[in-house]
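These protein sequence lines are chains A and B, in that order. Under our numbering, the first residue of the first sequence carries the number -3, and numbering increases by one thereafter. Under our numbering, the first residue of the second sequence carries the number -13, and numbering increases by one thereafter. For every residue, glycine included, the Cβ atom is placed at its ideal position computed from N, Cα and C.
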Amino acid sequence: MINFAWLIPLLPTLAAIINGLFGRKYMRHHYSDYIATGAVMTSFLISLIIFFEVVSGSKLNVNYWDWIVSGDLHISFGFLIDPLTAIMLLVVTGISSLVHLYSIGYMHDDDGYYRFFTYLSMFTVSMLILIMGNNYLLMFFGWEGVGLCSYLLIGFWFEKKSAGDAAKKAFVTNRVGDLGFVLGLFLLISQFGTLDYAQVFQLAPTHLTTGVATAITLLLFIGATAKSAQIPLYTWLPDAMEGPTPVSALIHAATMVTAGVYMVARSHVIYSMAPTTMEIIAVVGALTALFAATIAIAQNDIKRIVAYSTVSQLGYMFMGLGLGAYTAGVYHLFTHAFFKACLFLGCGSVIHALSGEQDIRRMGGLFPHIKLTAITFLIAALANAGIFPFAGFFSKDEILWAAFSGGHYVIWGIGATAAFCSAFYMFRLWFVAFTGKSRVDHHVAHHIHESPSVMTGPLVLLAFLAATVGALALPPGNGFIHHFLGNVFGHPEHNVTGIAAELFHKFAALASGEPTAHGHLLEYFMMLVSLGIALSGIGLAYLMYYKKIEALNPETLSKRFRIVHQTLLNKYWVDELYDFLFVNPTKKAGTELWEFDGKVVDGAVNGTSWIVLIKAEITNFLDKYVVDGTVNGLALLVDIKSRVLRRMQTGDAQNYALVMLLGVVFIMGVYYFY
Amino acid sequence: MVPQEHYLVLSAILFAIGATGVLVRRNAIVIFMCIELMLNAVNISLVAFSKQLNSMDGQVFVFFIMTVAAAEAAIGLAIMVSLFRNKETLNVDEINLMKW
C-alpha cells in the first residue's frame, strides 16, 4: 500500500478539481460534500494503512519525475514517507476528514457551499504535499499552497470587510516569512546544489560550517515564525478567526500552523548543527507561549481565546524543538491537533447553537442546552490545560521536562507560567460560557439547540482521541511514540523522559517492591509542581467565574489592575505597534510613491511626449517644405527639360537615319583628320 | 585589268545613291530597294578587296550578306503588306508611331 502513497494527495486534488470546475453549475447543493469528504476520508484510510506499514518498518522515498532541471540543479517530484511523515499524514488527513464531515453540517446553508469544499480539499492537498515531499522545493510548494488556501478560506466571506482584511493580513504576514524561507532555500542550493532531503542531510554534517548552518536554519525559522504564528509574526492567526469556524479548526489543528513545526523537525539534522538557532527557537517559543497565553486571559471572543491558545501551544512545540526534544515537540503537535480541533469545532457548535454569537459575555448557562458540546469541550479543555491523564499532559510535560533537565530553568519558568495561564483561560472560557446564569440575548435564547449529529460526531471522536492519545507515550519516555519517532530523530542519550515517566517508574518500582533509585525525588516533586500549576489555574478560574468569590470579582480586579487588563485586552497593542511601525509607514510610503509617480514620473513622461510632439511638428514642416520641396523641384526641372528634349523624337525613321548618318560622317571625319 | 580604285568609287557612288534614297524617298518600297542598293554597294567593295588581297574571306562575307538580304527582303515585304493593310499607305511620313 505504501507504494500507492501518491493516491493520498491525488484524491482530494481530483475532488477539488471536480468541485471547483463543476460545483457551481452541475452539482445540486449536496454533491460537492460527498465528493470532497469521500475523497479525503479515503485518503485517511490509505494513510492509516500506510501508518501501520511504517510502524512495521516500511519506508518510502521515491522520485516520480524530474520536476525542474536547470544546469546542475535537479529537482524531482517525489515523496518521502518515514515515521514523521506517517504521523503527520494521520493528523492531516484525520483532522481534515472530520472537519469536512463537520462542515457538511456547519456550512449547510451557505451559498458558497461547493466553493468551500473546493478550498478545503485544496488546503488539504497543499498540506499533504508539504509533508510528503522528499525535497525542500516540494515542501515550499505546499508551504505556498497552504498560504494561498488560508487566504482564500479566511476571506471566504469576502463581502465582510474584516474578513477580507484578515485574509490580506494573513497572506502578507506569511509573505514576510516566505522571504526568509526562500533565502534559506537559496543558501541550501548554494551549499549543496540540491534540495533533496536525503542528500542534504547526508552532506550536511561534513559540508556545513556552524555559521552557515546557523544562517540557513535562522532563515528557515523566519518562515516558520510566519507560518506557525510565533513572535513576531503571529498577529495574523487570531485575525484568521474571520473565516468559517471549520477553517479555523483546520488551520489550527492540521493543515497550516503545524507546517513550521514539521519543517524544523524535518530539518533537525541541520538545526542540531546550529546551537545558536536552537537557543533562539527555544526562547522565541517560550516567549510566544507565555505572551499568547496572557493575551488569551483577557479576550472575550470565544474563537479568539482558542486562537491565542493555539499560538501559545505552538510556542510550546517550538520550545521543545529548540531544546532538541524533537519527539516531544512533534508529539505535542500530534496531541494538540486533536484537542485543538475539538475545541474549535466545539466553538463552532456553540456559535451555531447561538445563531452566530461569539462573545462569551453574552453566553453563560449553556451546559444543559448543549450537553454534548459542553462535555467534549471540557475534555479538550482539560487536555489543553495539561491535566493527567489527558493527551496534552504527556506532551507538554515532556517539553517542560526537557527544559528543566537541560538546565534551562528560565525557559522552564516561562513555560510553567504559560501552563498556568493556559489552564486559567481555558476554564475561564468554559465556566463563563457553559455555567452560571444565562446572559444570552432572549431573541436567541429560545432556539438554542444542539448541533446535528454530523457535527457532534466529529466532536465526540476528537474528544475521545484528545483523552486517549496520551497512551501512545506510555510507558513514558519509552513509549510507542518515542520509538516510532526515534527512528527519525535518533534516540537521545540523555533520557528526556518527562515527569510522567518518573511517576510510572515510581509506580512500577513500588509495585514490584524494588527500592526507588536516587534522584527521582526531584522529578516526582516537579511532576507535582506541573500538575499543581495546571490545577491551580483551573482552581483560580473556578473561584473567579464559578464560585464568584467577592475578593476575586473579575470586574473589580480589572478595575484595580486597569493597566494590566487593558494591556492584555488590547493584546499588548502589538497590532497597533505593527501598524505604527510597518503598516502605516508602508502605506504612507506607498501613497508618497504614488504621488511621486503622479507628479514626477508622469510629469517626465508627459513632458517627454510634449517634446516629442514639438519635434514631430518641426520635422513635419521640414519634410513638407524642404524634403518634399527638393523632390518636387527636381521633378519639375526634369519635366521642363523633357518638354524641350522630346521635340527631337519626331517618330520619323528617316530623320533618325539622317542623324545616324551624320554621326557616322562626323566620327569618320574625326578619325580621318586626327 | 580594271584598277582597284574604280571598283571602290563605283561602290561609294552606289552606296551614296542608296543612302540618299533612304533619307529622301517617301515610299517605303523604294526605301527598301535603296537599302538593297547599299548592301550591294558594300558587296562590290568586299569582292574587290577579296580579289586584290587574294583572299576568299571577302567573298564568304558577300554570300552571308546576300543570304541575310534575302531573309530581310522576305520579312520586310511581309511587314509592308501588313502595314498597308492597316494604314492603306506606304508613305513613311504618315508612319510615325514612334513619336512622343
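TODO: Closer than 8 Å by beta-carbon distance: list the chain B residues that pair up with residue 657 (chain A), in chain order.
DONE: Taking the first sequence and counting its residues from 1, the one referred to as residue 657 (chain A) is at position 661. What residue 657 (chain A) touches in chain B: 5, 9.
TODO: State the start and end residues of the unbroken beta strand (DSSP E) segment that holds residue 61 (chain A).
DONE: Against the first sequence, residue 61 (chain A) aligns to sequence position 65. Here the beta strand (DSSP E) through residue 61 (chain A) covers 56 to 66.
- [ ] Could you please tell me which residues of the stretch 67 to 80 of chain B, in chain order, have their CB closer than 9 Å to any CB of chain A?
- [x] 78, 79
Task: N-terminal and C-terminal residue of the beta strand (DSSP E) that residue 72 (chain A) is part of - done: Locating residue 72 (chain A) in the first sequence gives position 76, counting from the first residue. 69 to 77 is the span of the beta strand (DSSP E), which, as asked, contains residue 72 (chain A).
- [ ] To the nearest angstrom, report how far apart residue -10 (chain B) and residue 23 (chain B) are at their CA atoms.
- [x] By one-based count along the second sequence, residue -10 (chain B) stands at place 4. By one-based count along the second sequence, residue 23 (chain B) stands at place 37. So the two alpha carbons sit approximately 20 Å from each other.
Open item on the list: Quick check: what's the CA-CA separation for residue 536 (chain A) versus residue 347 (chain A)?
Closed with: Translated into positions along the first sequence, residue 536 (chain A) becomes position 540. Translated into positions along the first sequence, residue 347 (chain A) becomes position 351. Roughly 26 Å separates the two Cα atoms.
Open item on the list: Within 10 Å of its beta-carbon, does residue 603 (chain A) have 16 or more other beta-carbons around it, so buried, or fewer, so exposed?
Closed with: In the first sequence, residue 603 (chain A) corresponds to position 607, counting from 1. The residue is exposed, with fewer than 16 neighbouring Cβ atoms inside 10 Å.
- [ ] Round the Cβ separation of residue 8 (chain A) and residue 121 (chain A) to the nearest angstrom and send it over; I've been treating them as touching at under 8 Å.
- [x] Here residue 8 (chain A) is taken as the residue at index 12 of the first sequence, counted from 1. Here residue 121 (chain A) is taken as the residue at index 125 of the first sequence, counted from 1. That belief holds up - the Cβ atoms of residue 8 (chain A) and residue 121 (chain A) are roughly 5 Å apart, short of 8 Å.
Task: Classification of residue 672 (chain A) by the beta-carbon crowding that lies within 10 angstroms, buried from 16 upward - done: Here chain A covers residues -3 to 670 and nothing more, so residue 672 (chain A) does not appear.
Task: 8 Å Cβ cutoff met for residue 311 (chain A) and residue 360 (chain A) - done: Residue numbering aside, residue 311 (chain A) sits at position 315 when the first sequence is read from its first letter. Residue numbering aside, residue 360 (chain A) sits at position 364 when the first sequence is read from its first letter. Not in contact: residue 311 (chain A) and residue 360 (chain A) (Cβ atoms no closer than 8 Å).
Task: residue 307 (chain A) - containing alpha helix (DSSP H), residue span - done: Walking along the first sequence from the start, residue 307 (chain A) turns up at place 311. Segment 298 to 318, the alpha helix (DSSP H) holding residue 307 (chain A).
- [ ] For chain B, find out if any of its Cβ atoms is closer than 8 Å to the Cβ of residue 653 (chain A); answer yes or no.
- [x] By one-based count along the first sequence, residue 653 (chain A) stands at place 657. By this cut-off, residue 653 (chain A) is an interface position.
- [ ] May I ask you to report which of helix, strand or coil DSSP gives residue 131 (chain A)?
- [x] As a working mapping, residue 131 (chain A) is identified with position 135 in the first sequence. Residue 131 (chain A) falls in the strand class under three-state DSSP.
Task: residue 278 (chain A) - containing alpha helix (DSSP H), residue span - done: Taking the first residue of the first sequence as position 1, residue 278 (chain A) is located at position 282. Its alpha helix (DSSP H) spans residues 271 to 294.
TODO: Mind checking which residues open and close the alpha helix (DSSP H) that includes residue 198 (chain A)?
DONE: Residue numbering aside, residue 198 (chain A) sits at position 202 when the first sequence is read from its first letter. Its alpha helix (DSSP H) spans residues 193 to 203.
Open item on the list: Once DSSP output is grouped into helix, strand and coil, what is the label at residue 355 (chain A)?
Closed with: Locating residue 355 (chain A) in the first sequence gives position 359, where the first residue counts as 1. Residue state, collapsed to three classes: strand.
Open item on the list: Buried or exposed, going by whether 16 or more other CB atoms sit within 10 Å of the CB of residue 92 (chain A)?
Closed with: Residue numbering aside, residue 92 (chain A) sits at position 96 when the first sequence is read from its first letter. With 16 or more other Cβ atoms from the protein chains shown falling within 10 Å of its own Cβ, residue 92 (chain A) counts as buried.
Open item on the list: So for residue 77 (chain B), helix, strand or coil by DSSP?
Closed with: By one-based count along the second sequence, residue 77 (chain B) stands at place 91. If DSSP states are grouped into helix, strand and coil, residue 77 (chain B) belongs with the strands.
Task: Environment of residue 99 (chain A) [buried if 16+ CB atoms lie within 10 Å] - done: Indexing the first sequence from 1 puts residue 99 (chain A) at position 103. Buried.
- [ ] Would you be able to state if there are at least three C-beta pairs under 8 Å between the stretch 443 to 452 of chain A and the stretch 577 to 594 of chain A?
- [x] no
Open item on the list: What would DSSP say about residue -1 (chain A), mapped onto helix, strand or coil?
Closed with: Translated into the one-based positions of the first sequence, residue -1 (chain A) becomes position 3. If DSSP states are grouped into helix, strand and coil, residue -1 (chain A) belongs with the helices.
Task: residue 77 (chain A) vs residue 44 (chain A) beta-carbon contact at 8 Å - done: Position 81 of the first sequence holds residue 77 (chain A). Position 48 of the first sequence holds residue 44 (chain A). The answer is no: Cβ separation not under 8 Å.
Open item on the list: Looking at residue 419 (chain A): is its Cβ nearer than 8 Å to the Cβ of residue 338 (chain A)?
Closed with: Counting from one through the first sequence, the residue named residue 419 (chain A) turns up at place 423. Counting from one through the first sequence, the residue named residue 338 (chain A) turns up at place 342. Not a contact, by the Cβ cut-off of 8 Å.
Task: Boundaries of the alpha helix (DSSP H) in which residue 234 (chain A) is found, first to last residue - done: Counting from 1 along the first sequence, the entry for residue 234 (chain A) is found at position 238. Residues 232 to 235.
- [ ] For residue 549 (chain A), name the three-state secondary structure that DSSP assigns.
- [x] On the first sequence, position 553 is the one that residue 549 (chain A) refers to. Coil.
Task: C-beta contact flag for residue 284 (chain A) and residue 230 (chain A) at 8 Å - done: For the purposes of this step, residue 284 (chain A) is taken as residue 288 along the first sequence, with counting starting at 1. For the purposes of this step, residue 230 (chain A) is taken as residue 234 along the first sequence, with counting starting at 1. Taking 8 Å as the Cβ cut-off, residue 284 (chain A) and residue 230 (chain A) qualify as a contacting pair.
Task: Burial state of residue 186 (chain A) (16 or more Cβ within 10 Å) - done: Translated into positions along the first sequence, residue 186 (chain A) becomes position 190. Label assigned to residue 186 (chain A): exposed.
TODO: Find the nearest neighbour of residue 165 (chain A) within the set A:587, A:223, A:204, judged by alpha-carbon distance.
DONE: Working through the first sequence from its first residue, we reach residue 165 (chain A) at position 169. It is A:223 whose Cα lies nearest to the Cα of residue 165 (chain A).
TODO: Compute the Euclidean distance between the alpha carbons of residue 0 (chain B) and residue 27 (chain B), then round it to the nearest angstrom.
DONE: As a position in the second sequence, residue 0 (chain B) is number 14, starting the count at 1. As a position in the second sequence, residue 27 (chain B) is number 41, starting the count at 1. So the alpha carbons of these two residues sit roughly 5 Å apart.
Open item on the list: Helix, strand or coil, according to DSSP, for residue 380 (chain A) in the structure here?
Closed with: On the first sequence, position 384 is the one that residue 380 (chain A) refers to. It is helical.
Task: The alpha helix (DSSP H) enclosing residue 350 (chain A), as first and last residue numbers - done: Taking the first sequence and counting its residues from 1, the one referred to as residue 350 (chain A) is at position 354. Here residue 350 (chain A) belongs to no alpha helix (DSSP H), and DSSP marks it neither H nor E.
- [ ] List the DSSP bridge partners of residue 13 (chain B).
- [x] Counted from its first residue, the second sequence places residue 13 (chain B) at position 27. The partner list for residue 13 (chain B) (beta bridge, DSSP) reads B:77.
Task: For residue 670 (chain A), the three-state DSSP class (helix, strand or coil) - done: Taking the first sequence and counting its residues from 1, the one referred to as residue 670 (chain A) is at position 674. Coil.
Task: Beta-carbon gap between residue 233 (chain A) and residue 245 (chain A) smaller than 8 Å - done: The count along the first sequence starts at 1 and reaches residue 233 (chain A) at position 237. The count along the first sequence starts at 1 and reaches residue 245 (chain A) at position 249. Against a cut-off of 8 Å, the Cβ pair of residue 245 (chain A) and residue 233 (chain A) comes out as no contact.
Task: Buried or exposed by the 16-neighbour rule on C-beta atoms within 10 Å, applied to residue 48 (chain B) - done: In the second sequence, the residue the question calls residue 48 (chain B) occupies position 62. Classification for residue 48 (chain B): buried.
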